[in-house]
Amino acid sequence: YPQFSTATTGSSLAAWRRAAPDIPARALCCYPQAGDFIRAHAGLIARTWRDAGAPGDVRVLFSAHGLPKRTVARGDPYQWQ
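So the sequence shown is numbered by the working numbering: it starts at 5 and just counts up by one.
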C-alpha cells in the first residue's frame, strides 16, 4: 500500500507476522515519496500515453479513499499522507 493505515497496512503486516514469523521482513513507510517509485510510475504512465498515440486531451486521476472518523480520531496517519 502506498500510504500507511492501521486498517490496511497495519492489518496486513500483522497477518504476515502471524503467517511467516521466521521469515525476516521489514516494512517501508510512505514509498510514494521515494524517488525510484515516482520515476517508475512516471515511466509507466509516459509509456502508456505514448502507446495510446500521445493524445493531447489526457488527464491522469489519482484517487484515495477516506477513513472512518473513529479511525482518524485514534491517530491513524493515513489522512496526512
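Just so it is clear, CB atoms sit at the ideal spot from N, CA and C, and this is done for glycine as well.
The Cβ atoms of Y82 and S9 sit closer than 8 Å to each other. Collapsing the DSSP output to three states places P36 in a helix. Annotation for F41: Y35 place their beta carbon closer than 6 Å to its own, counting only its chain and skipping 5 residues before and after. Distance from the CA atom of A56 to the CA atom of L48, rounded to whole angstroms, is 12 Å. Comparing alpha-carbon positions, the option among R54, R63, A46, L17 lying closest to A29 turns out to be L17.
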